[in-house]
Amino acid sequence: GTLCKAAPIVSVAERGEADGSDGLEHSDVGDWCECVALLVPRTGDSCKAIVAVAIEAVQQLLLRCEWTAGASFSGLAIAAAEDADQDVLARRLRKSPSAALPLLSDEGDPAPPPHRLVATLVASLPPCAIPPLIQHLMPAMHDVDSHAALSGVDALYLILQACCERLSEERATNLVASVFEEVEKVSHSSVRQKVLACIKVLAMHHFEPVVGELLDAGPDFSASTLGALHVLAREKALLLRLLNHFTDTLNNADLGTPQKPNRLVPSATVALGHLFTVNDSSIGMVVRKYFPQLFGTLLLRISTASDALGAQQTAAAFMNFLHTSQNDSMALALEGNRLSGTTPESCDQIIGELTRLFCRHHPSKREALLAFVLPFLGRPFVGHRVATATAVSQLLLSGVEAPLSGAVVTSAIDGSLRCVGDVGAAVRKQGVRGLGHIVALWQEDASAVVL
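Numbers given in our numbering equal positions in the sequence shown, counted from 1, plus 282.
Encoded structure:
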């Protein structure tokens, strides 16, 4: 408090707003933000004497900055005095507001000191002061006092809620990388959960850096990274974006070479498999809605897994997918089969078995599966063409048991004809097999549909 009282006044010209710079060349801004960030956790310390001293020091700091000198903060000391029960304080800190920064708690009492301090800072500080404040708040999550650590991270969460969308992509990317790195070292579980909530807030406004950092951490994900994935997946606004990003990576990313594969593809495979295990009703609804497309994505992934580990990862993701979509009977039929032992040489056999199961259990979704996989016949990677040719062949054969529409049969025949001239032997084999299945359709009086 004495040092803060004797500190120089922080005064920064408005040049940053005029010329587009952030004004951070003035070192006093960063120094002042660092002092505030050091005191924020202490305003929620488990020791009442430390809380009182920290509040006095904060008040002195606010007076020494032209941005906050006129801020109304008189109720802070009263709020701290009323928080005599530290269990009440901790409970309030865990019940953070979802959109606003109130001066009252849910019970109508004065909000805890860290909340009131954040409300003052967000209302008073210019945009150029927010990034250094966030940066200097990061170490708070490692505070030895769990109450102080939770207070610091809670403040970080509230600031991100209020200001995250104003962060530049570069700052957001750097912040995301730091948070993912630091969360691994957090010792208190309640604090770790709040840090994961910070990642969710970042993802709402800066999705690409967050999901990119997440996939970079795979395919051997840590418990904290998987925790972040689960937190993100429970947010409906993020769930579809996660599914789209992971499946887009599996279907469209450059696979690399056998000597230097693209690590993002196995990372996306494992992440997608874990996404299917999130305990949230929205997951099941989305998976069932897009069942043919997700099934087709995993079929294609079987054909691109070039080693035993990739096959095991894909098998695990496939089983999680079937259970989440409530296709337990299909999963049961796959138990003990060769799915996890698939090789590039045998993948067409496994894909054929899986497609037969799909057609038997979901005959009404065959057209959707065909529409999804057919474009992959034009892909340069032979594995995609093998998977597509095999699926098309089995879809044609399924017409013997359950009739297909004329449009579906025509599209499937066209696909098989394209496969016959492919440079890949396995693709040609499945193309010829598909044409052979047309004979089976004729034998079941399906020739009228074909013609």
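Even for Gly, the Cβ is constructed at its ideal location relative to N, Cα and C.
Source: prediction; values computed, not measured.
Q: Please determine if the region 586-603 and the region 670-678 are in contact, where contact requires at least 3 C-beta pairs separated by less than 8 Å.
A: no
Q.
Relative to the C-alpha of Lys319, which candidate in Glu466, Pro394, Gly660, Gln417 has its C-alpha closest?
A. Locating residue 319 in the sequence shown gives position 37, counting from the first residue. The residue asked about is misnamed: residue 319 is Ala in this sequence, not Lys. Among Glu466, Pro394, Gly660, Gln417, the Cα nearest to that of Ala319 belongs to Gln417.
Q. Can you name the start and end residues of the alpha helix (DSSP H) that Lys330 belongs to?
A. Here the question's residue 330 lines up with position 48 in the sequence shown. From DSSP, the alpha helix (DSSP H) with Lys330 extends over 330-345.
Q.
The alpha helix (DSSP H) that contains Asp436, what's its start and end?
A. By one-based count along the sequence shown, residue 436 stands at place 154. Element bounds for Asp436: 428-445.
Q) Between Leu457, Val465, Leu508, which lies nearest to Glu490 when the distance is taken from Cα to Cα? A) Along the sequence shown, one-based indexing puts residue 490 at 208. Of Leu457, Val465, Leu508, the residue nearest in Cα terms is Leu457.
Q. If we count the other Cβ atoms within 10 Å of its Cβ and call it buried at 16 or more, is Arg474 buried or exposed?
A. Numbered from its first residue, the sequence shown carries residue 474 at position 192. Result: buried.
Q | Check: Val709 C-beta below 7 Å from any heavy atom of the ligand NAD | A | The ligand NAD is not part of this structure, which contains no ligands at all.
Q. Going by alpha carbons, who is nearest to Leu449 out of Met423, His488, Leu636, Leu440?
A. Your numbering for residue 449 matches position 167 in the sequence shown. It is His488.
**Q.** Boundaries of the alpha helix (DSSP H) in which Asn456 is found, first to last residue
**A.** Reading the sequence shown from its first residue, position 174 is the one you call residue 456. First-last of the alpha helix (DSSP H) with Asn456: 451-465.
(Q) Using the Cβ count rule (16 or more neighbours within 10 Å means buried), how would you classify Ala722? (A) Here residue 722 corresponds to residue number 440 of the sequence shown, with the count starting at 1. Classification for Ala722: exposed.
Q: Decide if Glu611 is buried, meaning its Cβ has at least 16 other Cβ atoms within 10 Å, or exposed.
A: Taking the first residue of the sequence shown as position 1, residue 611 is located at position 329. Before going further, note that residue 611 is Ser rather than Glu in the sequence given. Ser611 is exposed by the Cβ-count criterion.
Q. In three-state terms, what does DSSP make of Pro543?
A. For the purposes of this step, residue 543 is taken as residue 261 along the sequence shown, with counting starting at 1. It is a strand residue.
Q. In whole angstroms, what is the alpha-carbon distance linking Glu389 and Arg324?
A. Taking the sequence shown and counting its residues from 1, the one referred to as residue 389 is at position 107. Taking the sequence shown and counting its residues from 1, the one referred to as residue 324 is at position 42. For Glu389, the pLDDT reaches just 48, beneath the cut-off of 50, and the residue's location in the model is therefore unreliable, although a value from the coordinates is still provided. Their backbone Cα atoms lie some 23 Å apart in a straight line.
Q. Can we say the region 614-634 touches the region 562-574, given the rule of at least three CB pairs closer than 8 Å?
A. no
**Q.** Beta-ladder partner(s) of Gly538, from DSSP
**A.** Against the sequence shown, residue 538 aligns to sequence position 256. Pro543.
Q: To the nearest angstrom, report how far apart Leu636 and Phe503 are at their CA atoms.
A: Working through the sequence shown from its first residue, we reach residue 636 at position 354. Working through the sequence shown from its first residue, we reach residue 503 at position 221. C-alpha separation (whole angstroms): 28 Å.
Q. What is the C-beta distance between Gly716 and Ser680, in whole angstroms, given that I count them as a contact (C-beta under 8 Å)?
A. Position 434 of the sequence shown holds residue 716. Position 398 of the sequence shown holds residue 680. At roughly 12 Å, the Cβ-Cβ gap does not stay under 8 Å, so Gly716 and Ser680 are not in contact.
Q) Around the C-beta of Val327, are 16 or more other C-beta atoms found within 10 angstroms, so that it is buried, or is it exposed? A) Within the sequence shown, the letter at position 45 stands for residue 327. Before going further, note that residue 327 is Asp rather than Val in the sequence given. So Asp327 ends up on the buried side.
**Q.** Endpoints, the alpha helix (DSSP H) within which Glu635 is located
**A.** The residue you call residue 635 lines up with position 353 of the sequence shown. Note, Glu635: alpha helix (DSSP H), 629-643.
**Q.** Length of the line joining the Cα atoms of Pro409 and Val311
**A.** Reading the sequence shown from its first residue, position 127 is the one you call residue 409. Reading the sequence shown from its first residue, position 29 is the one you call residue 311. In a straight line, the C-alpha of Pro409 is about 12 Å away from that of Val311.
Q: For Thr559, collect the residues of the same chain with a Cβ closer than 6 Å to its Cβ; drop the 5 residues on either side in sequence, then sort them by chain order.
A: As a first step, residue 559 is located in the sequence shown; it is residue number 277 there, counting from the start. Taken in chain order, the residues that qualify are Asn602.
**Q.** Three-state secondary structure (DSSP) of Thr529
**A.** Working through the sequence shown from its first residue, we reach residue 529 at position 247. Thr529: helix per DSSP, three-state reduction.
Q) When the Cα atoms are used, what is the spatial distance from Gly494 to Ile584? A) On the sequence shown, position 212 is the one that residue 494 refers to. On the sequence shown, position 302 is the one that residue 584 refers to. Rounded to the nearest angstrom, the two C-alpha atoms are 23 Å apart.
**Q.** Straight-line gap, Val702 to Gln608 (C-alpha atoms, nearest Å)
**A.** Taking the first residue of the sequence shown as 1, we reach residue 702 at position 420. Taking the first residue of the sequence shown as 1, we reach residue 608 at position 326. One C-alpha to the other measures close to 36 Å.
Q. If you drop the 5 nearest sequence neighbours on each side, which residues of the same chain put their C-beta closer than 7 Å to that of Ala708?
A. The count along the sequence shown starts at 1 and reaches residue 708 at position 426. Excluding positions up to five away in sequence, the list reads Asp630, Val668.
Q: Would you kindly work out how many angstroms separate the C-alpha atoms of Leu496 and Leu557, rounded to a whole number?
A: By one-based count along the sequence shown, residue 496 stands at place 214. By one-based count along the sequence shown, residue 557 stands at place 275. Looking at the two C-alpha atoms, the distance is approximately 13 Å.
Q | Buried/exposed call for Val705, threshold 16 Cβ in 10 Å | A | Counting from one through the sequence shown, the residue named residue 705 turns up at place 423. Counting Cβ neighbours within 10 Å, Val705 comes out exposed, since fewer than 16 surround it.
Q | Helix, strand or coil at Glu348 according to DSSP, with G and I counted as helix | A | Stepping through the sequence shown from its first residue, residue 348 is reached at position 66. In the structure shown, Glu348 sits in coil (DSSP, three-state: anything other than H, G, I, E or B).
Q) Straight-line CA distance for Leu419 to Ile481? A) Mapped onto the sequence shown, residue 419 falls at position 137. Mapped onto the sequence shown, residue 481 falls at position 199. Their backbone Cα atoms lie some 15 Å apart in a straight line.
Q.
At the level of alpha carbons, what is the spacing between Ile633 and Ser469?
A. Along the sequence shown, read from residue 1 onward, the residue named residue 633 stands at position 351. Along the sequence shown, read from residue 1 onward, the residue named residue 469 stands at position 187. Going from the Cα of Ile633 to the Cα of Ser469 covers about 45 Å.
Q: State buried or exposed for Ala519, treating a residue as buried only when at least 16 other CB atoms are found within 10 Å of its CB.
A: Here residue 519 is taken as the residue at index 237 of the sequence shown, counted from 1. Exposed, because fewer than 16 other Cβ atoms sit within 10 Å of the Cβ of Ala519.
Q: Would you mind stating whether Leu532 and Thr551 have Cβ atoms separated by less than 8 Å?
A: Residue 532 sits at position 250 when you count from the first residue of the sequence shown. Residue 551 sits at position 269 when you count from the first residue of the sequence shown. Yes; because the gap between Cβ atoms is below 8 Å, this pair is in contact.
Q: Using a Cβ-Cβ cut-off of 8 Å, state whether Arg700 counts as contacting chain C.
A: Structure shown: chain C not included; a single protein chain is present.
Q. Any idea what DSSP makes of Pro662, helix, strand or coil?
A. Walking along the sequence shown from the start, residue 662 turns up at place 380. Note: Pro662 maps to coil in three-state DSSP.
Q) Can you tell which of Ala689, Ala459, Pro396, Thr402 has the C-alpha that lies nearest to the C-alpha of His429? A) Taking the sequence shown and counting its residues from 1, the one referred to as residue 429 is at position 147. Of the candidates Ala689, Ala459, Pro396, Thr402, the one whose C-alpha sits nearest the C-alpha of His429 is Pro396.
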